[in-house]
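>
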Ligand code: FPP
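Numbering (this note's numbering), first residue to last: 60 to 305.
In structure tokens:
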């Protein structure tokens, strides 16, 4: 069997949380096949499956995927509708696998703004897998970091106004507790595919000290081997969190 970069990965120094910006579905479909954007999104599901599987196999407890941003609502209605249909279908098909592999499905973002069918399917899948312990797969849906921080700020202000909270008790930990990722550690590694080197309003608070990894591969081309490459690259870095290592 061909050797894999997997053999070089130090299993004792794995990241606990990997966040991914899945990008390049549309360009992949057009450049490689002259097909429409939905062809790319549909093929992107395989990369979602491979990445989730790789995380579960390695024992990385948290994976967070940027599946639909607040800004994505501005795409043509046909594409938004088709993406929502793909999401519903994928959740329906994959929930059994998630359940059997002890994976909890979680969502962050303004999920109430999703079409009812999508929202209902998501809630059902999250309920079914809520006690699973091996890994948490979080989908960022109708998500943007500025939206999340705005919502957290409103709720903090309400709690101060109602007397539940003292202004002096507002600190980083408290703000963290008001974010949608309150029960998830900050990402150690953020991966973005497609060669773009931007954060695009993703987990802005949470990635303060994350390592960033950009690959030119389009998302439908991303697979386990590409994922291992990102982890290996991450393991070669020295994380100092602003301090000096002795
Ligand atoms: C970015 O590619 C991708 C998205 C906006 C959607 C990602 C969706 C999937 C991978 C399919 C389903 C996902 C789940 C979790 C079931 P792009 O369209 O922005 O590509 P481009 O930059 O080349 O136009």
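For glycine and all other residues, C-beta sits at the position ideal for the given N, C-alpha and C.
No experiment lies behind these values; they were computed from the predicted model shown.
Quick one: using the 10 Å Cβ neighbour count with 16 as the cut-off for buried, is residue 175 buried or exposed?
Exposed, since its Cβ has fewer than 16 Cβ neighbours within 10 Å.
> Does the beta-carbon of residue 166, which I'm using as the reference point, lie nearer than 7 Å to any heavy atom of the ligand FPP?
No - the ligand FPP has no heavy atom lying nearer than 7 Å to the Cβ of residue 166.
> To the nearest angstrom, how far is the alpha carbon of residue 103 from that of residue 205?
Using only the alpha carbons, I get a separation of about 26 Å.
> Do residue 265 and residue 240 count as a contact pair if the criterion is CB distance below 8 Å?
Closer than 8 Å, so yes.
> Please state whether DSSP places residue 231 in a helix, a strand or coil.
Note: residue 231 maps to helix in three-state DSSP.
> Would you say the beta carbon of residue 180 is closer than 7 Å to some non-hydrogen atom of the ligand FPP?
Answer for residue 180: no, Cβ out of range of the ligand FPP.
> Around the C-beta of residue 107, are 16 or more other C-beta atoms found within 10 angstroms, so that it is buried, or is it exposed?
Burial call: buried.
> If the criterion is Cβ atoms closer than 8 Å, does the pair residue 146 and residue 126 meet it?
Cβ atoms of residue 146 and residue 126: closer than 8 Å.
> Tell me which same chain residues have a C-beta within less than 7 Å of the C-beta of residue 100, skipping the five on either side of it?
Excluding sequence neighbours, residue 100 sits near 84, 142 and 145.
> Hey, residue 254 and residue 281: beta-carbon distance below 8 Å or not?
Contact: no.
> Would you say the beta carbon of residue 86 comes nearer than 7 Å to a heavy atom of the ligand FPP?
At least one heavy atom of the ligand FPP is nearer than 7 Å to the Cβ of residue 86, so yes.
> Would you grab the beta carbon distance between residue 312 and residue 65 for me? Rounded to a whole angstrom, and I think it's under 8 Å.
Residue 312 lies beyond the residue range present for the chain, which begins at 60 and ends at 305; the question has no answer from this structure.
> Starting from the Cα of residue 20, find the closest Cα among 211, 237, 123 and 277 and give me that residue.
Here the chain comprises residues numbered 60 to 305, so residue 20 is not present and cannot be evaluated.
> Check whether the segment 275–289 and the segment 256–263 are in contact - that is, three or more C-beta pairs closer than 8 Å.
They do not touch, by the three-pair rule.
> Taking residue 211 and residue 168 to be in contact with their CB atoms under 8 Å, please state how far apart those CB atoms are, rounded to whole angstroms.
Between residue 168 and residue 211 the Cβ distance is about 13 Å, and since that is not below 8 Å, they are no contact.
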